[in-house]
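See below for the structure under consideration.
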Amino acid sequence: MSTQLIGLSLTIALPLAALFGYNLHRSDERDKRELGTVALRLADSAAKNAEFLLADARRALTVLAQRPALLALDRNACDPLLGDIQKLQPVYRNARTVNRDGVLICSALAPVSAAAAGPDLVSWFGQVRDSMQFTIGTPALGVISKRWEVTLAYPMRGAQGEFIGAVALSLDLDDYPLMPASTPLPRGAVAGIASYAGVVIARSTEAGRPVGSSTLQSKLRAAALAAESGQLEIVGTDAIPRIYAFTPIPRSGWYAVAGISAADVYAESRARLLQSLLLILAVLLLASAGAFAVARRIEQPLRRLADAAGAVAAGDRVARAPLGGSREAVALGSRFNAMLDALDASERQFRETMGNVHLVAVALDERGNVTYCNDFTVELSGWRREELLGRNWFDTVLPDPEPVRMVFERAMVDGNLPQHYENEIITRGGERRLIHWSNTILRDAAARILGTVSLGEDVTERKRAEEELLKYRDHLEELVKERTTELNEANLRLQELDRLKSMFIASMSHELRTPLNSIIGFTGIILMGMSGEISAVQKKQLGMVKNSANHLLDLINDVIDVSKIETGKTDLSIEAFDLSDLALEVKESFTVAASEKGLNLEWGTDGGAEVTSDRRRVRQILVNLVGNAVKFTETGTVAISVLKTGKGVEIKVSDTGIGMHREDMERLFQAFSRIHFQDRPVVEGAGLGLYLSRRIAALLGGEITAESEPGRGSEFTLSLPRTFQEEKG
Amino acid sequence: MKKILIVEDNEQNLYLMQYMLEKSGYSVVIAHSGEEAVISAVQEKPDLILMDIQLPDMDGLEVTRRIRASEADGKIPIVAVTSFAMAGDREKALAAGCNGYIEKPINPENFLGEIAKYLGEA
């Protein structure tokens with residue numbers, strides 16, 4: 191940085207110096223052109239100054255020449271005005287009057303002998319006497335002052351205008367102010383006044399030569415004689431080359447000259463330029479030095495920051511910038527370190543998070559080389575971190591790298607990376623794991639693709655479980671199908687069995703009826719005497735056969751009825767009939783049996799009981815109930831009563847029989863149940879009667895209830911609706 | 025003399041019915057099979073047919089249908105005599121064209137009365 195600053199300083203300084211050098215040269219040229227003009231201006235100023243001086247002096251002489259006191263030309267009565275006039279200008283020397291012979295009459299200075307003023311007199315007196323006009327004399331060494339003077343004279347006229355004398359005023363040329371106060375001579379410049387006759391009137395002191403005696407350069411005088419004014423470059427008497435300009439001083443016979451030494455002027459401007467250049471160089475040097483110092487104070491800390499940043503970038507997580515340098519650098523350094531701390535904390539958090547998650551986290555560069563991997567990646571893959579870092583991911587962990595590499599490489603070009611991807615990786619141990627990836631393209635600030643960052647979930651087990659589940663589901667379906675088939679088959683078998691049972695029962699009843707047909711038929715015709723006369727004994731015995739056969743037939747019919755009811759194949763024949771009539775009919779069918787046992791058989795009704803039901807089935811129930819009553823009653827009465835109720839009709843069959851316990855009564859209605867009574871003979875029957883009766887009653891929409899007490903007899907009640915309702919069946 | 029055709033394959037049942045009917049003064053024609061029954065029904069033109077339902081060649085209902093479909097016509101009363109006492113047997117017999125239904129075993133005490141009824145004698 192410091193070198194850069196110095197370089198920058200030089201870059202600025204060098205063109206500046208070149209510019210100055212060029213300007214130096216340029217100013218030479220320009221000055222040469224302009225010097226003449228300056229010299230001319232100086233010459234003009236000197237000429238003007240001289241012209242004014244001469245004009246003033248002439249006015250003063252004009253005034254004096256008319257003073258009567260002076261016109262009197264009396265040595266003893268001199269006008270004091272002479273002294274006053276002489277004091278008007280420093281350059282004025284002696285003011286005096288002379289008579290027509292040139293003898294000094296009055297003098298502002300101490301009077302001297304006329305002889306002493308002789309040489310002076312020569313130069314101007316003759317001229318004023320002859321011309322009778324204002325006269326400028328030639329420079330001469332003053333008699334009294336002993337200095338170079340030039341004397342101006344004005345004639346005094348007598349009453350007839352004749353020349354009576356002259357007023358003279360000497361000018362001290364040594365003190366002569368060549369230039370007006372407003373226009374001083376520049377350094378190295380010279381000026382002078384000379385007469386066209388070639389006599390030097392006055393000159394700037396640098397010339398170092400007495401006025402009057404010296405003559406100007408002949409070239410200059412020649413030029414001044416040749417042209418009213420002009421300029422030329424010549425080497426002066428002091429051997430210095432100058433640019434000279436000359437111009438006439440009106441009404442004086444003089445001209446003013448000014449010379450400017452080119453060298454002096456150049457030297458001056460060069461010195462000035464050089465001075466500027468040095469100043470600039472000094473400033474630049476100072477600036478450079480300052481810059482260097484500042485650079486050292488800024489650059490060093492910056493370099494340390496850069497070093498620290500480099501170390502951090504290279505993976506040194508504890509590297510920090512040493513603090514030092516300017517206040518700003520320290521602030522920057524501590525900020526930088528704080529930032530590194532935050533970065534470190536953030537990264538530590540990231541690493542801890544990435545370390546703890548059971549996700550594969552991998553960053554790849556644009557060639558697919560691993561630049562980062564978390565602990566889980568290491569754990570899962572079986573590769574060490576150092577082995578994975580820098581290595582090509584696809585070649586290392588993919589069992590079939592090409593398809594994935596193709597997707598990756600395409601993404602590195604066009605930036606289209608599938609957000610989700612699933613592929614197998616192979617661990618170092620050769621195990622295959624299925625990973626479900628979530629991918630992101632990593633770009634730098636300029637949106638250039640740097641690589642990828644991917645988070646992967648190990649879905650091997652899940653996939654396996656899903657597949658297992660799928661298999662189980664399929665299997666379950668199979669099982670259900672199997673079971674259903676089995677059930678269907680079982681059902682079909684059961685239905686077949688049921689069908690076979692029904693067929694069996696039907697067949698059995700048919701087969702049993704056929705021999706019964708013969709037994710009952712032939713017993714019947716013999717008992718009827720159709721086959722001839724039979725004895726009383728034969729009749730009694732054949733009657734027993736007939737009873738047994740009939741009982742067998744009842745059993746068969748009961749079995750068929752049970753079968754019909756249980757298979758729901760009971761055919762009902764619904765019709766309207768009078769229940770009282772039916773009850774009476776049943777009662778009468780038992781008249782013989784009851785009288786044989788000596789039982790009293792009663793019947794009662796509260797009027798006609800018209801119902802709509804299955805007459806045959808109701809009769810079957812009543813026969814069963816009355817038959818039981820007769821069967822189980824030894825003495826007393828069996829009573830049948832028909833009653834109309836709110837819902838329908840009731841038939842009660844009560845007896846004075848043996849009765850039974852409550853617990854026995856429930857068994858009463860169960861199929862094939864027989865209640866055995868001690869000390870009672872077993873009554874024949876299959877035990878189907880009450881069961882069938884109750885089922886038939888239910889089929890008809892009614893019910894059978896019983897009340898009994900042991901030793902007190904029983905009462906069975908059949909309740910039926912007045913009208914059979916199909917849906918109730 | 026009224027002629028009754030007994031269709032029955034069981035000899036004992038046949039004999040029982042034949043004995044009772046002949047004793048009662050009816051002329052009895054016998055068929056042991058369905059085929060015989062159809063032929064006899066056409067040829068003999070009986071006044072009543074007692075039809076067993078379970079026959080060796082075809083069931084009595086089919087025989088009944090054939091007789092009814094034949095030229096012998098349906099004026100002859102046909103009474104099903106069957107030990108088929110399962111649900112619907114009665115209805116099936118009537119639907120096949122039978123006029124009546126006597127359940128086996130037959131009761132000799134009222135059998136002749138039933139016959140007289142179907143013959144229109146009672």
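Keeping their order, the protein sequence lines are chains A and B.
Quick note on numbering: the first sequence equals residues 191 to 919 in the working numbering.
Quick note on numbering: the second sequence equals residues 25 to 146 in the working numbering.
Backbone N, C-alpha and C define an ideal beta-carbon position, used for all residues, glycine too.
No experiment lies behind these values; they were computed from the predicted model shown.
*Anything in chain A within Cβ reach of B/K26, meaning under 9 Å, just list it in chain order.*
Walking along the second sequence from the start, residue 26 of chain B turns up at place 2. Simply none; closest approach about 19 Å.
*Where B/L29 meets chain A, residues with beta-carbon distance less than 8 Å*: By 1-based counting over the second sequence, the position of residue 29 of chain B is 5. Result: empty, since nearest Cβ-Cβ is about 19 Å, beyond 8 Å.
*Since A/Y344 is in the beta strand (DSSP E), which residue starts that stretch and which ends it?*
Taking the first residue of the first sequence as position 1, residue 344 of chain A is located at position 154. Note, A/Y344: beta strand (DSSP E), 338-347.
*asked:* Please identify the residue among A/A783, A/R902, A/I750, A/F914 whose C-alpha is closest to the C-alpha of A/G879.
replied: Taking the first sequence and counting its residues from 1, one reaches residue 879 of chain A at position 689. When only C-alpha atoms are compared, the closest one is A/I750.
*Determine the direct distance from the alpha carbon of A/P345 to that of A/R319, and round the result to whole angstroms.*
Numbered from its first residue, the first sequence carries residue 319 of chain A at position 129. Numbered from its first residue, the first sequence carries residue 345 of chain A at position 155. When rounded, the distance between both Cα atoms is 7 Å.
*Using a Cβ-Cβ cut-off of 7 Å (strictly less than) and excluding sequence neighbours within five positions of B/M44, which residues of its own chain qualify?*
For the purposes of this step, residue 44 of chain B is taken as residue 20 along the second sequence, with counting starting at 1. The residues are P132, F135, L136.
*Would you identify the three-state DSSP class for A/R510, choosing helix, strand or coil?*
By one-based count along the first sequence, residue 510 of chain A stands at place 320. A/R510 falls in the coil class under three-state DSSP.
_Tell me which residues of the segment 701-726 of chain A have at least one Cβ-Cβ distance to chain B shorter than 7 Å, keeping chain order._
Identification of residues in the segment 701-726 of chain A having a C-beta nearer than 7 Å to some C-beta of chain B yields R703, T704, L706, N707, S708, I710, G711, F712, G714, I715, M718, M720, given in sequence order.
_Within 9 Å of any Cβ in chain B, is that where the Cβ of A/D761 sits?_
Counted from its first residue, the first sequence places residue 761 of chain A at position 571. It does; some Cβ of chain B falls within 9 Å.
*Measure the alpha-carbon distance for B/I73 versus B/D81 and round it to whole angstroms.*
Here residue 73 of chain B refers to the residue found at position 49 of the second sequence. Here residue 81 of chain B refers to the residue found at position 57 of the second sequence. Near 18 Å, if we compare the C-alpha coordinates of B/D81 and B/I73.
*Going along the chain, which residues of its own chain have a beta-carbon closer than 6 Å to the beta-carbon of A/A281, five neighbours each way excluded?*
On the first sequence, residue 281 of chain A is found 91 positions in, with the first residue counted as 1. Contrary to the premise, residue 281 of chain A reads as Val rather than Ala in this sequence. L361, D362, D365, Y366, listed in sequence order.
*Closer than 6 Å by C-beta to A/I830: which residues in its own chain qualify, once you throw out the five before and the five after it? Chain order, please.*
Start at 1 with the first residue of the first sequence, and residue 830 of chain A comes out as number 640. Within its own chain, the residues whose Cβ lies closer than 6 Å to the Cβ of A/I830, once the five positions on either side in sequence are excluded, are A773, K777, W793, V843, listed in chain order.
_Pairwise C-alpha distance: A/R557 and A/R618_ = Residue numbering aside, residue 618 of chain A sits at position 428 when the first sequence is read from its first letter. Residue numbering aside, residue 557 of chain A sits at position 367 when the first sequence is read from its first letter. Each residue's Cα considered, the two are about 22 Å apart.
*Residue span of the alpha helix (DSSP H) that contains A/H665, given as start and end*: Sequence index remark: in the first sequence, residue 665 of chain A carries index 475 (1-based). Note, A/H665: alpha helix (DSSP H), 650-717.
*asked:* Against chain A, with Cβ distances strictly below 9 Å, would B/Q42 count as a contact?
replied: For this step, residue 42 of chain B is matched to residue 18 along the second sequence. Cβ-Cβ to chain A under 9 Å: no for B/Q42.
*Go through its chain and collect everything with a Cβ distance to A/I925's Cβ below 6 Å, but skip five positions before and after it.*
Residue 925 of chain A falls outside the range modelled here, since chain A spans only 191 to 919, and no answer is possible.
*From A/L474 to A/D428, what does the alpha carbon distance come to, in whole angstroms?*
Taking the first residue of the first sequence as 1, we reach residue 474 of chain A at position 284. Taking the first residue of the first sequence as 1, we reach residue 428 of chain A at position 238. If you take the alpha carbons of A/L474 and A/D428, they lie about 42 Å apart.
*Taking A/E612 as the reference, which of A/F436, A/E824, A/V597 has the closest Cα?*
Along the first sequence, read from residue 1 onward, the residue named residue 612 of chain A stands at position 422. The option with the nearest alpha carbon to A/E612 is A/V597.
_Suppose you measure from the CA of B/L29 to the CA of A/S697; what does that come to, to the nearest Å?_
Indexing the second sequence from 1 puts residue 29 of chain B at position 5. Indexing the first sequence from 1 puts residue 697 of chain A at position 507. In a straight line, the C-alpha of B/L29 is about 26 Å away from that of A/S697.
_Contact set between B/Q78 and chain A, taken where Cβ atoms lie within less than 8 Å_ = In the second sequence, residue 78 of chain B corresponds to position 54, counting from 1. Here the neighbours are H700.
*Cβ-based burial, A/G849 [other Cβ within 10 Å; buried from 16]*: The sequence position of residue 849 of chain A within the first sequence is 659, counting from 1. Result: buried.
_Option nearest A/I625 by Cα separation, candidates A/L467, A/Q810, A/L645_ = In the first sequence, counting from the first residue as 1, residue 625 of chain A sits at position 435. Closest by alpha carbon: A/L645.
_First and last residue of the uninterrupted alpha helix (DSSP H) at A/P593_ = Indexing the first sequence from 1 puts residue 593 of chain A at position 403. Element bounds for A/P593: 591-604.
*Helix, strand or coil: how does DSSP classify A/G197 here?*
By 1-based counting over the first sequence, the position of residue 197 of chain A is 7. Correct three-state label for A/G197: helix.
_B/E86 at chain A interface by Cβ criterion, 9 Å_ = Along the second sequence, one-based indexing puts residue 86 of chain B at 62. Chain A contact via Cβ: absent.
_Please list, in chain order, the chain A residues whose beta carbon lies closer than 9 Å to that of B/V57._
The count along the second sequence starts at 1 and reaches residue 57 of chain B at position 33. Before going further, note that residue 57 of chain B is Ser rather than Val in the sequence given. What B/S57 touches in chain A: nothing, since even the nearest Cβ is about 17 Å away.
*asked:* By the three-class DSSP mapping on this structure, what secondary structure does A/W793 have?
replied: Working through the first sequence from its first residue, we reach residue 793 of chain A at position 603. Strand, per DSSP.
*Per-residue contacts from B/N131 into chain A (C-beta, under 9 Å)*: The sequence position of residue 131 of chain B within the second sequence is 107, counting from 1. Simply I710, G711, G714.
*When the Cα atoms are used, what is the spatial distance from A/V560 to A/R633?*
Numbered from 1 along the first sequence, position 370 holds the residue referred to as residue 560 of chain A. Numbered from 1 along the first sequence, position 443 holds the residue referred to as residue 633 of chain A. Taking the straight line joining both Cα atoms gives about 16 Å.
*Give me whichever residues DSSP pairs with A/H626 in a beta bridge.*
Here the question's residue 626 of chain A lines up with position 436 in the first sequence. A/H626 is bridged to A/E612, A/E647.
*Under 9 Å between C-beta atoms, does B/E138 make it to chain A?*
The count along the second sequence starts at 1 and reaches residue 138 of chain B at position 114. For B/E138, the answer is no, since every Cβ of chain A falls outside 9 Å of its Cβ.
*Under a three-way DSSP split, which group does B/P102 fall into?*
Reading the second sequence from its first residue, position 78 is the one you call residue 102 of chain B. In the sequence under discussion, the amino acid at residue 102 of chain B is Ile, which differs from the Pro named in the question. Three-state result, B/I102: strand.
*Quick one, which of A/I295, A/T252, A/R257 has its alpha-carbon nearest A/L263's?*
Locating residue 263 of chain A in the first sequence gives position 73, counting from the first residue. Of the listed residues, the one whose Cα sits closest to A/L263 is A/I295.
*For A/A888 and chain B, any beta-carbon pair shorter than 9 Å?*
As a position in the first sequence, residue 888 of chain A is number 698, starting the count at 1. Not one chain B Cβ lies under 9 Å of A/A888.
*Environment of B/M75 [buried if 16+ CB atoms lie within 10 Å]*: Counting from 1 along the second sequence, the entry for residue 75 of chain B is found at position 51. When all chains shown are included, B/M75 counts as buried.
*Cα separation between A/S297 and A/G420?*
If you number the first sequence from 1, residue 297 of chain A lands on position 107. If you number the first sequence from 1, residue 420 of chain A lands on position 230. Using only the alpha carbons, I get a separation of about 41 Å.
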